[in-house]
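The letter at position 5 of the sequence shown is residue 5 when you use the UniProt record's numbering, and the numbering goes up by one with no holes.
Every residue gets a Cβ at the ideal spot worked out from N, C-alpha and C, and that includes glycine.
Let me begin by presenting the structure, written as structure tokens, before commenting on it.
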Amino acid sequence: MWQPPVVYKSSCSIDVAHFPYDVQTCILKIGSWTYDGFKVDLRHMDEQQGNNIVDVGVDLSEFYMSVEWDILEVPAVRNEKFYTCCDEPYLDITFNITMRRKTLFYTVNIIIPCMGISFLTVLTFYLPSDSGEKVTLSISILISLHVFFLLVVEIIPPTSLVVPLLGKYLIFAMILVSISICVTVVVLNVHFRSPQTHRMAPWVKSVFVNLLPQFLFIKRPKYNIETSGTTSFTGSCQIHGCGPPLTQQVTENLLAATIYMESPTEVKGQIIRNECLLHTNTQVKVHRSCFCVRFIAEHTKLLEDSTKVKEDWKYVAMVLDRLFLWIFTLAVLAGTAGIILQAPTLYDDRIPIIENKKIDFSGISAGRCRPSQ
């Protein structure tokens, strides 16, 4: 049995495609280029007759538990190869060390906060437009995701071959937040429209006011405003001012008519001239007052119509918010599941070899060299 008095150090390339839920396999090959297989018969100490594979080919009795990796498999394989240069075989023993990354640290400190920030994108569409904080919330979420992306860049090995799993999720979340900012700007534009700047098309009212709310579980409160279609005035008109009301004037006119019948002719002429002048002044005041009342009524009706159109635009914006709320909720759930579920460690239920109590490492050696017979 050959025990080399050296410590071998080896390095292997890391595939970060599924970081931090990745499984890595490092290969360590031990062989001789100086002596061929006829001179050195290289075999593993625990190799069975007729079987070139040893399931546990490394002595792990002095192995210290790693806080970052779990060792899953350490098989050893004896290979016998022939090359074009020579007729003799060349032997080697290849150790395949399979390791699985422990994901608790990355899950608690990166994955869960990143998922929480991504789901905050949905709340952007639940925030009322009148608050004025919708765009601010979206930009804050985008900045937070950018900070997480910088942390991931510092953790993973620098490579341009593949994008890690966590990087894919962060890019997906950043794209989603960027789209939500654009959509939020459109919704705010719809929310603050007025009849003086925009005219609501019939199909917009039919789709976003009458049709979509039924499928989005939105019910608009009903309120009745009693308005008349025409500005017509009927009945008596009573004017309040410095003078007496019209009813009082009518009573006074009847009393004046009685006095007129009992007056002489010269006095009657003066009474007629005074009554005509009084009647003319009263009629002008009545017409002027009715014109003012009519103007106020028309102005009030225009304000009510304008307010109704504004409320319709606000309702359309609310329907758009609810529509994008459901769309982005489904997008976040589907994207999160589609990216995270690609991780191979989620389906790997192998027990780490160091935790398997049935394996005894006391009699396992790294390898040995037998002299040729």
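Count the other CB atoms within 10 Å of the CB of residue i; is the residue buried (16 or more) or exposed (fewer)?
| i | result |
| --- | --- |
| K222 | exposed |
| P113 | exposed |
| W313 | buried |
| G57 | buried |
| F38 | exposed |
| A337 | exposed |
| V162 | exposed |
| D55 | exposed |
| K308 | exposed |
| R370 | Any reading at R370 must be qualified, since the residue scores a pLDDT of 45, below 50, and its modelled position is unreliable; the value itself is stated next. R370 should be labelled exposed. |
| L346 | exposed |
| T184 | buried |
| F291 | exposed |
| I296 | exposed |
| F215 | exposed |
| T300 | exposed |
| V319 | buried |
| P157 | exposed |
| A343 | buried |
Closer than 6 angstroms by C-beta to residue i: which residues in its own chain qualify, once you throw out the five before and the five after it? Chain order, please.
| i | result |
| --- | --- |
| L333 | none |
| D36 | E88 and Y90 |
| S306 | P195 |
I need the boundaries of the beta strand (DSSP E) containing residue i, first residue and last residue.
| i | result |
| --- | --- |
| Q24 | V23 to G31 |
| E80 | A76 to K81 |
| L42 | V40 to R43 |
I'd like the list of long-range same chain contacts for residue i, defined as Cβ closer than 8 angstroms, with 5 residues on each side in sequence excluded.
| i | result |
| --- | --- |
| S10 | C26 and L28 |
| V321 | It is Asp, not Val, that sits at residue 321 in the sequence shown. If we look at D321 and ignore the five residues flanking it on each side, its Cβ neighbours are F125, Y126, S129 and V187. |
| K310 | R193, S194 and P195 |
| I181 | V135, S138, I139 and L142 |
| L145 | C114, I117, S118, L170, A173, M174 and V177 |
| residue 374 | Residue 374 is absent from the model: the chain starts at 1 and stops at 373. |
| C86 | D36 |
Going by the DSSP bridge assignment, what does residue i pair with across the sheet?
| i | result |
| --- | --- |
| F95 | L28 and A76 |
| residue 374 | Not covered by the structure: residue 374. The range shown for the chain is 1 to 373. |
| I71 | M99 |
Could you pull out every residue in the same chain whose Cβ sits closer than 7 angstroms to the Cβ of residue i, ignoring the five residues on either side in sequence?
| i | result |
| --- | --- |
| I339 | L165, K168, Y169 and F172 |
| I14 | Q24 and P157 |
| F82 | P89 |
What are the boundary residues of the alpha helix (DSSP H) that includes residue i?
| i | result |
| --- | --- |
| Y169 | L165 to H191 |
Should the region 66 to 78 be called in touch with the region 93 to 107, which here means at least 3 C-beta pairs below 8 angstroms? yes
Across the region 68 to 88 and the region 41 to 51, are there enough close Cβ pairs to call them in contact, namely three or more that are closer than 8 angstroms? yes
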